[in-house]
Amino acid sequence: MTRCLLSEANLPQRFWAEAVMTATYLQNCLPTKPNKKIPYELWTNRKPDSSHIRVFGCKAYAYIQKQKRGKLNYEAVEGIFLGYDYRSKGYRIYLGGNKIMISRTVKFIENPLPYAKKEAK
């Protein structure tokens, strides 16, 4: 699944660790063969909410709180969605360079993927 995530988003190998974390998270949201239930459901006896699942590698706009931005600065910053934070209920957004931002308030543009290969006509 990791290789497929990177390939579909056309992201370089340096995002391998992020893709592994996202693949693991998604795998835990899928039913298992023996009991046809999701691991989360087996653990808590409740069905999980999957409305937060997003397309790996899609364009994302992360909101910047008023306290953390200047009066003339933008309210959001553009980045690439890399997955889900394991310490909080937030999304991991790649901003360029070596910077990854964790934010709960994000707008996603899932189609088209920003780095996806153009199909030949």
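Taking full-length UniProt numbering, the leading residue of the sequence shown gets 1, the next gets one more, and so forth.
Each residue gets a CB set at the ideal place from its N, CA and C atoms; glycine is no exception.
Since the model is a prediction, treat every value here as computed from it, not as a measurement.
Beta-carbon within less than 6 Å of residue i's beta-carbon, same chain only, minus the 5 sequence neighbours each way: which residues are those?
| i | result |
| --- | --- |
| K107 | Y61 |
| M1 | A23 |
| E18 | L82 and G83 |
| L6 | A19 |
| F15 | none |
In whole angstroms, what separates the C-alpha of residue i from that of residue j?
| i | j | result |
| --- | --- | --- |
| D49 | I38 | 12 Å |
| N111 | C29 | 22 Å |
| M101 | Y40 | 26 Å |
| E75 | N35 | 46 Å |
| G90 | I53 | 11 Å |
| V55 | R92 | 12 Å |
| G96 | Q13 | 15 Å |
For residue i, which of helix, strand or coil comes out of DSSP?
| i | result |
| --- | --- |
| L42 | helix |
| F108 | strand |
| M1 | coil |
| A17 | helix |
| A116 | coil |
| Y25 | helix |
| L95 | strand |
| S103 | strand |
| L30 | coil |
| L6 | helix |
For residue i, which residues does DSSP report across the bridge?
| i | result |
| --- | --- |
| R87 | R87 is not bridged to any residue. |
| V77 | A62 |
Excluding the five sequence neighbours on either side, which residues of its own chain have a C-beta within less than 8 Å of the C-beta of residue i, listed in chain order?
| i | result |
| --- | --- |
| Y115 | A9, N10, L11, G57 and I80 |
Got a sec? Which residues, its chain only, sit under 7 Å from residue i by beta carbon, not counting five neighbours each side?
| i | result |
| --- | --- |
| A120 | Legend: pLDDT at A120 = 45, less than 50; position of this residue unreliable, value from coordinates given subsequently. Nothing listed; no residue qualifies. |
| S88 | I102 |
| Y94 | G79, I80, L82 and I100 |
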